[in-house]
Amino acid sequence: MNNQPSLSAPASSDRSDFPDDCPDGLKPRLRLFFSVDLVGATHYKQSRNRWRPELLSFYRDFDFILQTEYRAFASNHTGRLSSLEFWKSNGDELLYACDLLCLSHAHGLMQVWLQALNRYQALHTPGAEHLDVKSTAWIGLFPVPNAEVFFRRGGGALDEGLARDALMVQSELRDEWYANAANPTITRDFIGPSIDTGFRLTGLATPRRLMLSVDLAFLLASGNGAGASPLNLRLSGKQRLKGVMDDQPYPVIWIPVDRDEWMCAELEPVVTDRELIRSFCKTVFELNYASVTPLFLEGERQSAFDWAPPYILKRIVRHWHEEVRNRDAITVPAAIAAG
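Start counting the sequence shown at 12; every next residue gets the next number (our numbering).
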């Protein structure tokens, strides 16, 4: 008997109920992550005294170009959108995140990102010394199997009883964040298996290859966004990524950043047929379902991705019930003692 989760949404009668009163921060969300990283930055900084202008220009120019492209996309997009947000910097790498709502949103964001990469590279005059960039994109489902973690800047007061329980500390900070995401005293980070996979994939990226996680590639190959140009997906074999999918070879799937140049530069066999790539990704899903991202798009209706898998919803509800039990175990005795 096959107990693997299905890639398709369950029938309405088979869908698990999700509590309406569950905290907003525990509702399932699929997020798209982008990384853009300077190539050769370590050598560049160690081989000259004046290196700051190049890096500061990268921080300024790429973010400006990206936000300009995103605003243009958002102005022409019908329906609800979530913003493309700066997540954090990691040395010479900039990271962005966005809640995905529908398939056209995913395709549009990929086009925005590709346009930003091309525009940034076009800023530099041929022959002039500058650092190129490489990029990776991946997705992750929250709050399971991935997780948000929250930190309070400068410390801060927390109920003494709750502070003894790490789960309750995160619960309190999460609820504060979702009540007011603009709160300057709380900062958010993302952790989990999908985040680890994305960072591993950055090692395969090149200035001409925007690397994709296999779950994102499957999503993008499952249909075209309304009004968006088809994405040129490419599959060129497999490579092992340490710790990912039990160290089984991972699909090397990418999008050419410069179509003309990749046709001359890439010599290894490359699969370009979208349906073949989708079928390949589906097989990887079925063989490694515990290691890839379950797909759910909140804004989709009547599609294969319009409901989070029941086993994911059950894990979220268990997590929430654990929070409630822990909170009651701490606060109820304290209230009785105070009364």
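Every residue, glycine too, gets a C-beta built ideally from N, C-alpha and C. Only a predicted model underlies this, so the values are computations on that prediction, with no experimental measurement involved.
Sixteen is the threshold: when 16 or more other Cβ atoms of the shown chains lie within 10 Å of the Cβ of S224, as they do, the residue is buried.
In the three-state scheme derived from DSSP, where H, G and I count as helix and E and B as strand, N101 is classed as strand.
I202 sits exposed, since fewer than 16 C-beta atoms from the chains shown fall within 10 Å of its C-beta. Note on geometry: alpha-carbon atoms of S100 and S46 lie some 9 Å from one another.
Across the structure, D72 and S240 are spaced so that their CA atoms are roughly 25 Å apart. Restricting attention to alpha helix (DSSP H) runs no shorter than 4 residues, the region 29 to 102 encloses them at 52 to 57 and 63 to 87, ordered along the chain. Only residues of its own chain outside the window of five on either side were considered, and among them W62 have a CB closer than 7 Å to the CB of K56, listed in chain order. The region 208 to 263 contains, as complete beta strand (DSSP E) runs of 3+ residues, the segments 220 to 223 and 245 to 251 (chain order). At a Cβ-Cβ threshold of 9 Å, P39 and I323 count as neighbours.
Between the C-alpha atoms of K325 and Q122 there is a straight-line separation of about 35 Å. Within the model, the alpha-carbon separation for H135 versus H141 is close to 7 Å. Shortest Cα-Cα distance from G51 to any of D284, W265, K145 and W124 involves K145. Annotation: the continuous alpha helix (DSSP H) that includes F291 extends over R285 to L298. Between S233 and E334, the gap from beta carbon to beta carbon reaches 9 Å or more.
By the criterion of at least three beta-carbon pairs nearer than 8 Å, the region 284 to 299 is in contact with the region 250 to 265. In this structure, L184 is the residue among G214, S68, G119 and L184 with its C-alpha nearest to the C-alpha of D200. Across the structure, N191 and L37 are spaced so that their CA atoms are roughly 15 Å apart.
Contact between T198 and R220 does not hold, since their C-beta atoms are separated by about 32 Å, which reaches or exceeds 8 Å. Per the coordinates, the alpha-carbon of K253 lies some 7 Å from the alpha-carbon of R211.
The beta carbons of F75 and G119 sit no closer together than 9 Å.
A direct Cα-to-Cα measurement between C113 and Y189 gives close to 22 Å.
Within the model, the alpha-carbon separation for V295 versus E159 is close to 26 Å. Taking 9 Å as the cut-off, the beta carbon of N235 is found no closer than this to the beta carbon of P267. In the structure shown, W124 adopts helical secondary structure according to DSSP, grouped into three states. Residue pairing by DSSP places E159 opposite F201 in a beta bridge. Residue environment for S94: exposed (fewer than 16 other C-beta atoms within 10 angstroms of its C-beta).
Boundaries for W318: no alpha helix (DSSP H) harbours it, and the DSSP string shows neither H nor E there. Membership of L152 in the beta strand (DSSP E) is indicated by the continuous run V144 to F153.
A Cβ-Cβ distance of about 5 Å is found for the pair S205 and T304, placing them in contact under the 8 Å criterion. Shortest Cα-Cα distance from Y107 to any of W149, L92 and G90 involves W149. Boundaries of the alpha helix (DSSP H) around L178: A177 to A190.
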